[in-house]
């Protein structure tokens, strides 16, 4: 089904990978059939894979090759400590470690002041103990677990087939996995060097282990492989660094779609099966399964991993017993939060350990279960399915004509552009794999070749936002169509249509030629109480500004619960008092939101799609003077807003976009509303929050809106935040929701994903069945849940043909089932206030029920946006939520809003993956608030890309990478001739701190000294031995100390802008060209910094004295000022003194820069004081503040 990725930390997590391996295995190659271990308890042993294995071959120990068996010692070294899996040698820096608490405590106590006595000493010792015990072991990212799981139909067929077929299916899965790893090594895997990882560096390959597993935690057939890719990689320069994880994460979806395509190809070739598309519901990509595998069999093998029936009964029994004890002790029923804690305790007490089984035992169980569903012998059924064979053609890349490639590229671009304002290569790659999933290729190479042709065409048709790379680079920096500073997968694209639409929206938002109401008219409707309601000051000001602005396209920003509807009623009254009663219409992205808007204002309202459809066909045109209110505009697509605004501008109508940039963005191409808000000064905005009954919640909700984590303490203190494992939180949120409903409150359960909503819906339905309020039988819905008489359901697709007379079926409407028909249709009644059914019954056709109906007890956050209820209960997964999701979920309830935060259960997480950090609930939610999913427009992305490409930071980082590489051979020659003690030289060259040593040598030379002299003096002082500090780090520290203490030498002083040392010549011609290119740009940028400081009247510049009037001396002064400006820029100095406070300097590089810049400050002051006639004299370097 997918390839997922999870981070794996250093430590002993690798032990999990060995726990499930069969005991007493011999060697095993990946090509060996899994049936070799058919009767053994556990899974096959792991094997080594990846071309990076050759980087481990030091020529002195047995080399690891693909297919070798992974041992515990191997994993302990590579994943536990970050060292060579065979020899234990260093692979760059070892993973960090922490001494045992007892040793750390003893060491700190020994360093205490001996004069400390009595109570003071006891307090100091106690404080040390508490601090050291509280410290968490330091861990590093050891690797990444890429889990390859084929579609469920593959695992279902594999689970019941005969041994020979099982072998072929496993072979197809492994082949697809290997193809994906090869793609990863070829196009994804790399490391980064330089500041901020400015440059990408090719690597030898990845080092990985592969472990096959047979089943899921529920013992269902789930053939899958854990491929743990080591974070240790060797660059082409021989240095060990870490894998570029940012690139890996960006490519994950594309790699997953590639694996799906590869596994379909390999199973078709080896087994002759046919693949068919499967609709997985709205807003989800189409899935693919093997034709002929019944959905009922897939459902049977998709049991939820909740511990099984026995375990669940045990949990409930223990929980009830704990509740009884609580009541006996406290004399009252526990609160919802206490019940959650008691259930968590019960879960821990009753959870069994995961059992290991042999493939023979598992297969026997799977076949028995399958025969109940199939009604026949399972292996026989599997063989009959395979006997049918596939008749699909398997084309080669050359079979695709140019026009087919062009057509496919157009479709790929349309799909991508419909969902996002900007995209990159991995977005195109993933979508292309989906588009040609239905084609079975002759070979993997053919599929990849077609992929490349389509991507090339799609990129050519896209609008490039990232500037073409226009700076010189050494020849070996060029990689395909890109280079190390700008790899092809970092290039951002959009379309001209999207960019043009955004520009038109920006222009309309600035155009003031539209209708504006008089101040007197507006005041009549905003300054006095009308129908018992008086506008608050912020509402009156916002509406007045909109009504009188004359803008063709206006904005109204309002936080959740800020009274937008009340304010809009006043705007509606004022506007209709002038042009006419029908001069206001309402639009919204969804039909449900449009209905609410129309009902609250008493105007004609429709969803944007329907309006544009009718307008396109000439049936609905705006008129001059009309006011168009577009609610929930942050959810509206950019192209839709553009078409509405364009039409309004043409006829003289006014459009007001109403929304909140802090809430959810459009599912389609979005970002326009946020762009318009950020682009305009003083946007009309409602400031006060009016929805909440509690004053504290008004302020706290606004803090959440801005990502202020202090608000979380307020919610926590008010008992609004609960946390626990998934089962406990499901139980707690349901109990709270049910309690509120029983008290007659309008309550809402909210979750971030459809899967979580389905779990809440099932929990509610199970309880209602037990209470006799809902029938147990029913119809199966698209998400696997059941709906029967008495159930609350929600419709997910607008269908105007299904009408009750006064209204029609809309996406988001909620109903109660009143009757179930044999043909699969349902009779339903619409829900009103208090979730009570009202009005006439409506029959939903069987196809609609099957595809577009869900249980309606819980809601996704997207569906909940715009809703207002008495109490809201949100299930929050901190690993998947964002600030926008959390803010919307926590602002739906008038009286209360609760968050139920899911904490990964350590018993459920596979132990080799990152374990749940011991964080508080507020710590976890702080991470949610720090994560934003807000869309960025193409216009804003273009600006960012241009600025990033030309920024001084980028130029400095690139120059540093090039300058370091230009000196590499020279430093190696000098170090090779240094008089190191015996056995030290090798440690220096293989040290993880070697690059630090190179930088120290460069600083020493830049200060005017001879590096060879220093090496001859310092190298003999290094001492070998495991207990000594790293020799390269030692030598670097000695060199930096000498650089600081020695007076500046008289050696070469060539530099960039007087601050950055240039590499010693000779250098290669193309390298020198690249360096010179950037030097010119950096020095120009430094001069621009001075000009900007002059225009701003910067205090630091004034302290350099007044620029001389004479041209030659003025030029010298500007050069010195540019050096200072560059130093301030590099080290982010904001102090009014030219170079800031010396005590703030923490690194050797800045110390050296300070010395160089200080000399320029003194010279600039001399020139500024017009004392040029005085001979220049050298000034001693002082680290006093300037």
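Numbering (the working numbering), first residue to last: 120 to 1305.
Note that beta-carbon positions come from the ideal geometry of N, C-alpha and C, so glycine has one too.
Nearest to residue 1098 by alpha-carbon distance, out of 1128, 418, 903, 1136, is 1136. The Cβ-Cβ distance between residue 1269 and residue 1007 does not fall below 7 Å. Leaving aside the five residues that flank residue 262 on each side, the residues in its chain whose CB is nearer than 7 Å to its CB run, in chain order, 127, 198, 347, 348, 349, 350.
Judged by their CB atoms, residue 912 and residue 972 are nearer to each other than the 7 Å cut-off. Remark: three or more beta-carbon pairs, one from each stretch, lie closer than 8 Å, so the stretch 1040-1050 and the stretch 998-1007 are flagged as touching. In the DSSP assignment, residue 1250 falls outside any alpha helix (DSSP H) and carries neither an H nor an E. Of the residues 305, 635, 1223, 512, the one whose Cα lies closest to the Cα of residue 370 is 305. Under the DSSP assignment, residue 262 falls in the beta strand (DSSP E) whose first and last residues are 260-268. Here residue 1018 really is in contact with residue 993; their C-beta atoms are around 5 Å apart, less than 8 Å.
Taken in chain order, the whole alpha helix (DSSP H) runs of length 4 or more contained in the stretch 805-890 are 814-824, 829-836, 845-861, 873-889.
Annotation note: the stretch 160-204 contains the following uninterrupted beta strand (DSSP E) runs of length 3 or greater, listed N- to C-terminal: 166-168.
Contact between the stretch 1066-1085 and the stretch 310-318 is present: three or more C-beta pairs spanning the two stretches fall below 8 Å. Here residue 1064 has 584, 585, 586, 611 as same chain residues with Cβ atoms under 8 Å from its own Cβ, once five neighbours each way along the sequence are excluded. Sequence-distant partners of residue 959 (beyond 5 residues in either direction) whose C-beta falls short of 8 Å from its own C-beta, in its chain, are 923, 924, 948.
In summary, residue 678 is buried, with 16 or more beta-carbon neighbours lying within 10 Å of its beta-carbon over all protein chains present. Comparing alpha carbon positions, the residue from 970, 902, 767, 192 closest to residue 418 is 902. Residue environment for residue 521: exposed (fewer than 16 other C-beta atoms within 10 angstroms of its C-beta). For residue 286, the three-state secondary structure derived from DSSP is helix.
Taking a contact to require three or more Cβ pairs closer than 8 Å, the stretch 655-663 and the stretch 763-771 do not qualify as touching. Distance from the CA of residue 847 to the CA of residue 340, rounded to the nearest whole angstrom, comes to 27 Å. Residue pairing by DSSP places residue 360 opposite 352 in a beta bridge. Going by DSSP, residue 683 is part of no beta strand (DSSP E) but of the alpha helix (DSSP H) stretching over 683-695.
As a beta-bridge residue in DSSP terms, residue 209 pairs with 202. Residue 992 is bridged by DSSP to 868, 1017. From the listed residues 506, 545, 1260, 862, the smallest Cα separation to residue 302 is found for 545. The beta carbon of residue 1206 sits closer than 7 Å to the beta carbons of 1237, 1241 from its chain, once the five residues preceding and following it are set aside; these are given in chain order.
The straight-line gap separating the alpha-carbon atoms of residue 525 and residue 512 is approximately 21 Å. Taking every protein chain shown into account, the CB of residue 241 has fewer than 16 other CB atoms within 10 angstroms, so this residue is exposed. Pairing residue 896 with residue 672, the inter-Cα distance amounts to about 53 Å. As computed with DSSP, residue 956 is found in a beta bridge with 950. By the C-beta density criterion, residue 813 is exposed, having fewer than 16 other C-beta atoms within 10 angstroms. By the C-beta criterion, the stretch 530-545 is judged not to be in contact with the stretch 480-493, since fewer than 3 inter-stretch pairs fall below 8 Å.
With respect to residue 516, residue 577 sits apart: the two C-beta atoms are not nearer than 7 Å. In the three-state reduction of the DSSP assignment, residue 1009 falls in the coil class, being assigned neither a helical nor a strand state. The C-beta of residue 1150 has 16 or more other C-beta atoms within 10 Å across all chains shown, which makes the residue buried.
In the same chain as residue 1130, and ignoring 5 residues on each side of it, the C-beta atoms closer than 7 Å to its own belong to 1093, 1120, 1123, 1124, in chain order.
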